[in-house]
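Single-structure report; data block below.
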Amino acid sequence: MLMGFVRLGCKPNENDLIAEYYFEPARGVTPEYACEQLAAESSIGTWTAIATLKPATAKRLAPKIFYLKRKGTGFVTRIAYPDELFEAGSVPQLMSAIAGNVFGMKVVNQLRLNDFTLTKTLVKAFKGPQLGIAGVRKMLRVPRRPLCGTIIKPKVGLNEREHAAVAYDCWVNGLDLVKDDENLTSMRFNDFENRLAATLEAMDRAQSETGERKLYVCNVSAETNEMLRRAQLVKDNGGNVTMIDILTCGWSALQTLRDANLRLVIHAHRAGHAAVTRNPRHGISMLALAKLSRLIGVDSLHVGAIYGKMEGSANEVLALVKEIQSPRLAKDEAQGALEQNWFGLAPVFAVASGGLHPGVLPQVVRAMGNDVIAQLGGGVHGLKGGSGAGSRATRQAIDAITKCIPLKEYAETHAELAQALKQWGTKPPKPGE
Ligand code: CAP
Ligand code: MG
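If you read the sequence shown in my numbering, its first letter stands for residue 5, the second for the next number, and so on.
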């Protein structure tokens, strides 16, 4: 029996949160019934009628299924929920509602949260980025060009002194930022505090020798209290960026870090996101995760690189860039993106990373724009000549892009870039090669 939530064609109002899902109903279940069960489970209902639900409450808080259309082997639905159903400022409550029990229900075989539109009340309950693109650029005194950086490789294995020495080599040879890898935290062979001190000392030297500002993206990921302690250490030691693995630390940890108001850049790594985002028929889209990241307030976010080693089509990556940088988004049917007014929340730097090398940077910047941080791990430390040469090649590529000079031409007078083009060409790495 249906509950009366299906109201196709009716218009949601400005106090409704809208969630869009792709779903495949289980055998013998109609799409209308499946949608109602999902909507009920996310809001005021359960699997059967309940005596405790008063008609007035039902009327005020009932969800509206206003869109339902076949797509491929399943259906797309849009459901409007009165925003009273959500605790303002709480990502856990929001996600438990619209991305919680629904994923395990027998009425659907597949379910994917494509996107959601937050109302003004819900957006305004969050701080958003403290620094955003403008703040990061101001810190570096780089007003327009794309930024370039590296992830120290090997990911784990270097001790504190070795780490700091490689970082110095990269900064002094032209990179804007040096980043810890996602699985480098505080190890027996590389202690957080010692690494921080040694690397910041190296950064100071590189800054005074080059006259350029530099960033050390220091991974503070840990249990929440320890994460905060490490972030405070970054601040106290004169550092400028904290990195957090947002999926493994969790949304509340991210919010705790943001709410600490440390005026440090928050760089969001998304290790593990693909466990929930990669299957296009099930899970949660990266678009939805990017939305939560901007809402809570990261300043830079990994969104994919298009021309690298990680999955993510150009259209998907560009939709993410739009999501984190536009002041207001229109509906994009092709990408399953809904409208979103960000009500003044600052835009976020897009981080292109994963399998990049200097030869692909023109394509990356052409696609993703100037407000991108290009990060090269293997593409810096794998260059013949070492990390210093790899850093020079990367900065030369960025300079060539900025001057609108084709890489091949610029390489005629820039030996490291020439070596990079010789070693890797201008195409992304191919799986299996
Ligand atoms: C890149 C990287 C990043 C990925 C994450 C790595 O190193 O450090 O973590 O970019 O993926 O560990 O793979 P390489 P995404 O440059 O050596 O590939 O940016 O898609 O979240
Ligand atoms: Mg990494």
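Heads up, the beta-carbon is just placed ideally off N, CA and C, and yes, glycines get one too.
At least one heavy atom of ligand 2 lies less than 7 Å from the C-beta of D185. Per the Cβ contact rule, the stretch 312 to 327 is not in contact with the stretch 95 to 113 (fewer than 3 Cβ pairs under 8 Å). Contact between A30 and N113 holds: their C-beta atoms lie close to 5 Å from each other, under 8 Å. Taking all protein chains in view, the Cβ of N283 is surrounded by fewer than 16 other Cβ atoms within 10 Å, so the residue is classified as exposed. In this structure, K159 has its beta carbon less than 7 Å from a heavy atom of ligand 2. With fewer than 16 other Cβ atoms inside 10 Å of its own Cβ, S256 counts as exposed.
Shown here for A275: same chain residues with a beta carbon closer than 8 Å to its own, the five before and five after excluded, namely E186, N187, D249, L251 and T252 in chain order. Not a single heavy atom of ligand 2 lies less than 7 Å from the C-beta of I156.
When DSSP states are grouped into helix, strand and coil, M7 belongs to the coil group. Nearest Cα to G382 within the set S391, N374 and D375: S391. Annotation: V106 to Q379 spans about 37 Å, alpha carbon to alpha carbon. Beta bridge pairing from DSSP links S317 with no other residue.
Minimum Cα-Cα distance from V170 among the listed residues A202, L144 and F196 corresponds to A202. Taking each of K326, Q41 and C14 in turn and checking the Cα distance to V307, the smallest one comes out for K326.
When distances are taken from the beta-carbon of M314 to the heavy atoms of ligand 1, the shortest one is below 7 Å.
Taking all protein chains shown into account, R116 has 16 or more neighbouring C-beta atoms within 10 Å of its C-beta and is therefore buried. In the DSSP assignment, D240 falls within the alpha helix (DSSP H) that extends over T228 to D240. By the C-beta criterion, the stretch 165 to 180 is judged not to be in contact with the stretch 329 to 344, since fewer than 3 inter-stretch pairs fall below 8 Å.
When distances are taken from the beta-carbon of S357 to the heavy atoms of ligand 1, the shortest one is below 7 Å. Going by beta carbons, N163 and F193 fall inside the 8 Å limit. A check of alpha carbon separations from S297 across A272, D180, E88 and P147 identifies A272 as the nearest. Excluding the 5 residues flanking it on each side, T123 has same chain C-beta neighbours closer than 8 Å at E18, N19, D20, L21 and D87, in chain order. For Q259, DSSP assigns no beta-bridge partner whatsoever. Around the Cβ of A23, a 10 Å sphere holds 16 or more other Cβ atoms; the residue is buried. If you look at M207, you'll find it isn't in any beta strand (DSSP E); it sits in the alpha helix (DSSP H) that goes F196 to T214. Pairing G312 with G359 gives a Cβ-Cβ distance under 8 Å. By the CB criterion at 8 Å, G78 and E45 fall outside the cutoff. In this chain, the alpha helix (DSSP H) harbouring L296 covers M290 to I300.
Its Cα nearest to that of V238, the residue C222 stands out among C222, A226 and E230.
For A206, the closest C-alpha among the options S225, N241, M231 and V224 is that of N241. Around the beta carbon of E315, a 10 Å sphere encloses fewer than 16 other beta carbons of the protein chains shown; the residue is thus reported as exposed.
Comparing alpha carbon positions, the residue from L200, Q134, D184 and S395 closest to P158 is D184. Taking every protein chain shown into account, the CB of G287 has 16 or more other CB atoms within 10 angstroms, so this residue is buried. Where T252 is concerned, the enclosing alpha helix (DSSP H) starts and stops at I250 to C253. For Y71, DSSP records a beta bridge to R82. Within 10 angstroms of the beta-carbon of K15 lie fewer than 16 other beta-carbons, which makes it exposed.
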